[in-house]
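Notes follow once the structure below has been shown.
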Amino acid sequence: MLDPLAGWRAEFPILDTCTYLVSHSLGAMPRRAADYLQQFATEWSSRGVRAWHEGWWEIGRTTGDLLAPVLGARRSTISMHQNVTVAQAIIASCHRYDGPRRRIVMTDLEFPSNMYLFEGFRRYGAEITYIPSADGMRTNLDAMLEAIDERTALVPVSLVLFKSAYIENAAAIVEKAHRVGARVILDVYQAAGTVPIALESLGVDFAVGGSVKWLCGGPGNGYLYVRPDLACEIEPAIAGWAAHERPFEFEIGPLEFAEAPERFQSGTPNVPALYACRAGYEIIREIGVDAIRAKSLMLTRRLMNRACDAGFRLNTPDDDRERGGTVIVDVPDGAAVAEQLIARGIIIDYRPGAGIRLAPHFYTTIEEIDRAVETLIEIARPTRVKM
Ligand SMILES: Cc1ncc(COP(=O)(O)O)c(C=O)c1O
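Going by the numbering used here, the letters in the sequence shown line up with residues 4 to 390, in that order.
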């Protein structure tokens with residue numbers, strides 16, 4: 004079978020050295036990321052401080068604009084931050100927790116950072132409701148919708164859950180939240196670059212994510228989307244001089260907020276990281292997330308079928324419409340099995356309470372999937388129950 008995306012493999016040096024199935028954690032580095040980092044170094048060494056006015060100061064905005072189509076967002080809606088935690092904190096700081104609307108509602112399967120951050124807001128009056136999952140894989144949607152009410156300020160929710168790759172029914176959550184006046188922060192980290200996203204048509208208030216995983220953009224880049232009509236109304240308490248309408252006037256006293264996306268910018272942009280991520284963003288845009296998703300579904304289905312045939316239990320939804328780009332295989336002694344797989348050049352990871360996470364991306368081949376499952380069988384063949 005001819006794979007139209009096979010040509011991209013040459014752009015990712017690590018693929019020559021191992022079977023790289025860990026893009027849900029750290030996407031492979033594109034060759035041209037090194038060129039962009041060199042460009043940064045050249046500008047720094049040759050232009051010095053003048054570089055700020057030759058593109059560096061605006062690099063958050065230009066990077067956000069490069070990413071926007073991948074997220075189904077328009078230009079000027081995305082600001083860049085160090086990571087999801089910081090981006091989420093900036094949004095949390097736009098809200099109050101000392102009135103009747105002080106509740107945060109989220110599933111207990113949420114990424115821990117999203118919990119830890121809001122736990123800290125209890126000191127400002129926030130109340131947190133965790134909705135227990137019934138199966139450890141999916142959000143209990145009915146209970147979640149029921150819990151979102153007039154007391155709810157924010158609903159942080161991952162579009163794809165990190166533990167099971169379950170795709171959340173974000174539309175239902177946004178609809179209920181808006182009906183009662185609450186706002187939704189969609190964490191698209193485990194989706195962006197492998198699952199199509201349409202932030203604007205979803206009508207979600209905020210979205211956060213980062214570049215490390217499926218976007219192949221490396222560390223140091225979190226992004227924050229704010230719904231355009233909301234962006235001009237809200238003001239973060241976590242703000243700095245880069246959020247000022249006239250930052251270079253260095254005015255004293257209260258901040259006069261710039262338009263979006265700069266008003267969500269805290270201080271000096273992380274220039275080298277923003278150079279590095281450009282390569283991954285460009286490649287994902289060039290291929291298109293629809294094409295990536297089609298290949299991902301073909302490869303994850305093959306992986307799942309083979310793993311099931313071998314008797315492994317999967318901690319990932321079986322329905323393609325409910326599953327992101329990762330397949331999670333439950334094996335006893337998962338940490339040790341993961342170590343052995345890595346020692347044999349099959350790069351995956353292990354999460355306690357979930358299992359071995361394997362993630363094909365657009366650069367993965369069918370042969371690599373088959374090799375990974377065969378090696379997994381060799382290391383951890385399940386003992387079948389005799390009938
Ligand atoms: C859904 C999700 N959100 C957030 C994070 C990480 O957040 P941060 O960028 O703050 O490290 C991860 C994984 O690392 C994740 O899977």
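Glycine included, every Cβ here is placed at the ideal spot set by N, Cα and C.
Where does residue i fall in DSSP's three states?
i: phenylalanine 365; result: coil
i: phenylalanine 260; result: strand
i: phenylalanine 114; result: coil
i: asparagine 86; result: coil
i: threonine 20; result: coil
i: histidine 98; result: coil
i: arginine 104; result: coil
i: aspartate 232; result: helix
i: methionine 390; result: The pLDDT assigned to methionine 390 is 45, lower than 50, so where the model puts this residue is not dependable, and the model offers no usable value.
i: histidine 56; result: helix
i: isoleucine 93; result: helix
i: arginine 249; result: coil
i: alanine 345; result: Inspection of the sequence shows that residue 345 is occupied by isoleucine rather than by alanine. In the structure shown, isoleucine 345 sits in a helix (DSSP, three-state: H, G or I).
i: alanine 383; result: helix
i: glycine 243; result: coil
i: leucine 218; result: coil
i: isoleucine 237; result: coil
i: isoleucine 372; result: helix
i: glycine 270; result: coil
i: isoleucine 170; result: strand
i: glycine 67; result: helix
i: histidine 317; result: The sequence shown places leucine at residue 317, not histidine. It is a strand residue.
i: glycine 10; result: helix
i: isoleucine 359; result: strand
i: arginine 141; result: coil
i: leucine 227; result: strand
i: phenylalanine 15; result: coil
Span of the beta strand (DSSP E) holding residue i?
i: glutamate 130; result: 130 to 134
i: phenylalanine 209; result: 209 to 213
i: aspartate 336; result: Careful: aspartate 336 lies outside any beta strand (DSSP E) and carries neither H nor E.
i: aspartate 352; result: 352 to 354
How many whole angstroms separate the CB atoms of residue i and residue j, which I take to be in contact at a CB cut-off of 8 Å?
i: phenylalanine 260; j: glutamate 238; result: 6 Å
i: alanine 31; j: tyrosine 23; result: 5 Å
i: glycine 184; j: glutamate 153; result: 7 Å
i: glutamine 91; j: isoleucine 170; result: In fact, because the Cβ distance is near 20 Å, the residues do not count as touching under 8 Å.
i: asparagine 318; j: glycine 283; result: With a Cβ gap of about 28 Å, asparagine 318 and glycine 283 do not count as contacting.
i: glycine 220; j: glutamine 85; result: Not quite, the Cβ-Cβ distance comes to about 13 Å (not below 8 Å), so this is no contact.
i: tyrosine 100; j: glycine 123; result: The Cβ separation is near 11 Å, so there is no contact.
i: serine 82; j: leucine 227; result: 5 Å
i: histidine 98; j: alanine 180; result: About 13 Å separates the two Cβ atoms, so there is no contact after all.
i: alanine 362; j: serine 26; result: 5 Å
i: alanine 234; j: alanine 263; result: 4 Å
i: arginine 186; j: phenylalanine 209; result: 7 Å
i: valine 177; j: glycine 206; result: 6 Å
i: valine 163; j: glutamine 193; result: 4 Å
i: phenylalanine 203; j: glycine 314; result: Before going further, note that residue 203 is glutamate rather than phenylalanine in the sequence given. Actually they do not touch by this definition, with Cβ atoms about 44 Å apart.
i: phenylalanine 15; j: tyrosine 366; result: 5 Å
i: isoleucine 380; j: arginine 305; result: Not quite, the Cβ-Cβ distance comes to about 14 Å (not below 8 Å), so this is no contact.
i: serine 269; j: alanine 242; result: 6 Å
i: lysine 216; j: leucine 29; result: 7 Å
Check for me: the alpha helix (DSSP H) holding residue i runs from which residue to which?
i: alanine 156; result: Per DSSP, alanine 156 belongs to no alpha helix (DSSP H); it is in the beta strand (DSSP E), 155 to 161.
i: isoleucine 287; result: 274 to 290
i: leucine 189; result: Unbroken run through leucine 189 is the beta strand (DSSP E), 186 to 190; no alpha helix (DSSP H).
i: tyrosine 39; result: 34 to 50
i: isoleucine 176; result: 173 to 182
i: arginine 78; result: Unbroken run through arginine 78: none, as it is neither H nor E.
i: aspartate 333; result: That residue, aspartate 333, is in no alpha helix (DSSP H); its beta strand (DSSP E) goes 330 to 333.
i: alanine 146; result: 144 to 150
i: serine 204; result: 202 to 205
Just checking residue i against ligand 2 - is the residue's beta carbon closer than 7 Å to any of the ligand's heavy atoms?
i: valine 340; result: Here the bound small molecules are ligand 1; ligand 2 is not part of this structure.
Taking only beta-carbon atoms, is residue i less than 8 Å away from chain D?
i: alanine 90; result: Although the question refers to chain D, the structure presented lacks it and comprises just one protein chain.
* Any residues whose CB sits closer than 6 Å to a heavy atom of ligand 1? List them in chain order? -> Asn86, Val87, Thr88, Phe114, Ser116, Ser161, Phe165, Asp190, Tyr192, Gln193, Gly213 and Gly225
* Does the stretch 270 to 280 come close enough to the stretch 56 to 67 to have 3 or more Cβ pairs within less than 8 Å? -> yes
* Are at least three pairs of beta-carbons, each pair with one atom in the stretch 316 to 330 and one in the stretch 180 to 199, less than 8 Å apart? -> yes
* Asked: When the Cβ atoms of the stretch 342 to 357 are set against those of the stretch 303 to 313, are three or more pairs found closer than 8 Å?
  -> no
* **Any 3 or more C-beta pairs closer than 8 Å across the stretch 99 to 118 and the stretch 133 to 150** => yes
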